[in-house]
Amino acid sequence: MTGRTFRAPGRVNLIGEHTDYNDGLVMPAAIDFATYVDVSARADRRLAVHSENYSETVEFDLDDPEPRARGHWSDYVLGVAKMLDANGADLRIRSDVPMGAGLSSSAALEVAVALALLRSDMDRTALAKLCQRAENEFVGVRCGIMDQFSACHARAGNALMLDCRTLEHRFVPLPAGVTLVIANTMVRHSLAAGEYNRRRAECEEGSAHFGRSLRDVTIAELEREGRGLSDLVYRRCRHVISENARVIAAAAALEGGDLLNFGELMYQSHRSLRDDFEVSCAELDTLVEIAAAVPGVVGSRMTGGGFGGCTISLVRDEHVDAFRAAAGRVSAVYVSGAAEGASEL
Ligand code: GLA
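Sequential numbering of the sequence shown, starting at 21, is according to the numbering used here.
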């Protein structure tokens, strides 16, 4: 098969969790794991998609007037193809992004497929939004923009500080001497997708109460005006509002070289996700506790949607082996640089 090959990376989120769909702030970095798509054009209106990971080929008729998601890996591909009004093509897909681990394997797939199927140049932000729409409207997960934006825009060696309301962003270099270490619990609790959409609904209830986005509510306002909220929605709001403040503080800490403070903000973020937002789980909490006990770990927290998946820890280079030994007893450990966003190979 002669053709072109595109790659899009997964991501970790250093801080700013469950804020993206609340007009908030996030700080992801792309990782050294990616999805690769080989593409060659076809003369007909069919899309043939082969997944090396699943050893499976599926074929679609692009003129099908009512394509439907069926809870299959290919939903992401078909969703993107529909949004792009793609031409017929043969796609061959392989990925080393751990799947269902909160490292954004879906966004990596969407973005790599979108680049492969594009008929003319599209700006990266429009591409990210199109992929998010495919996931929201076709696959049916009401995700925010963080994962697709990171896959499209990430820059090697940097974290991406993104305002999910305006999509303004800047890059924050990761300091020398520390390494991103991912620990995968290898568990994915089955409630993840349902609970994700439920958290969104709870945040919407909070923002309806205030008559504005949670991005525009301060902790003082929550305390003053939040009395009518149920305890549960109050805590969801408190997480989102405090998490946005933590992202701002974390970016300043990173830019000012204050790793100690950055790490403390990561731990605070984890506690807020565990206690107020309730998206952590025992396996993630254990990993964060293990991390906190290893000398040279700057900070640690769950990353991504939660209910299993991974923690991200910032570890001083000379202590990575000790961290690996400690966390490796209960998880799969991956060391990653901050990678470049999607590209053609
Ligand atoms: C998932 C979603 C993102 C974001 C995170 C939580 O990864 O795809 O949009 O909401 O969860 O921060």
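We put the CB at the ideal spot given by N, CA and C, even for glycine.
In this text, all values refer to a predicted model and were calculated from it rather than measured experimentally.
Spatial neighbours of residue i within its chain, please: C-beta separation below 7 Å, excluding the five flanking residues on both sides.
i	result
Cys151	Val100, Ala127, Glu130, Val131, Ala134 and Gln168
Asn73	Arg114 and Ser115
Glu275	Val192
Asp95	Ala89, Phe158 and Val159
Asp305	Arg294
His209	Cys301, Phe327 and Gly328
Gly164	Asp40, Tyr41 and Cys184
The ligand GLA heavy atoms versus the CB of residue i: any closer than 7 Å?
i	result
Asp167	yes
Gly325	yes
Glu37	yes
Asn33	yes
Cys257	no
Asp40	yes
Cys151	no
Gly231	no
Ser124	yes
Gly120	no
Cys172	no
Gly328	no
Cys163	yes
Please state if the CB of residue j and the CB of residue i are separated by a distance shorter than 8 Å.
i	j	result
Val207	Leu279	no
Gly122	Cys257	no
Cys184	Asp296	no
His273	Ala49	The residue you asked about is not His; residue 273 is Ala in the sequence shown. No; because the gap between Cβ atoms is not below 8 Å, this pair is not in contact.
Thr25	Val57	yes
Met396	Leu293	With the chain running from 21 to 365 in the structure shown, residue 396 is simply not present.
Ala106	Ala203	no
Asn42	Arg291	no
Gly283	Leu242	no
Ala28	Ala362	yes
Leu104	His70	no
Thr238	Leu187	no
Arg344	Val350	no
Asp52	Ser356	yes
Our contact map puts residue i next to residue j with C-beta atoms below 8 Å; I'd like the distance itself, whole angstroms only.
i	j	result
Ala174	Arg266	So it is not a contact: roughly 21 Å between Cβ atoms.
Ala109	Ala61	6 Å
His229	Leu252	With a Cβ gap of about 13 Å, His229 and Leu252 do not count as contacting.
Glu263	Ser289	6 Å
Ala154	Cys172	Ala154 to Cys172, Cβ: 13 Å. No contact.
Thr205	Leu307	6 Å
Arg162	Arg220	5 Å
Ala54	Val117	6 Å
Gly277	Pro195	6 Å
Leu200	Ile310	About 17 Å; that fails the 8 Å criterion.
Going by beta carbon distance, what residues of the same chain come within less than 6 Å of residue i, once the five residues before and after it are set aside?
i	result
Met21	Interpretation of Met21 is limited by its pLDDT of 48, a score under 50 that renders its predicted location unreliable; no figure is taken from the coordinates.
Ser124	Gly30, Arg31 and Asp167
Ala271	Met181 and Val192
Asn281	Ala273
Ser227	Ser233 and Leu234
Glu360	Ala176
Go through its chain and collect everything with a Cβ distance to residue i's Cβ below 8 Å, but skip five positions before and after it.
i	result
Leu285	Ile35, Arg266, Ala269, Ala270, Ala273 and Gly319
His259	His38, Ser292, Leu293, Asp296 and Phe297
Would you verify that the beta carbon of residue i is, or is not, closer than 8 Å to some beta carbon of chain C?
i	result
Glu155	Here there is only one protein chain, and chain C is not present.
Is the region 308 to 322 close to the region 331 to 339, with three or more CB pairs under 8 Å?
yes
Count the C-beta pairs between the region 174 to 193 and the region 31 to 47 that are closer than 8 Å, then say yes if the count reaches three, no if not.
yes
Stretch-stretch touch, CB-based, cutoff 8 Å, three pairs: the region 136 to 145 with the region 77 to 96
no
Pairing CB atoms from the region 292 to 309 with CB atoms from the region 319 to 328, are three or more of them under 8 Å?
yes
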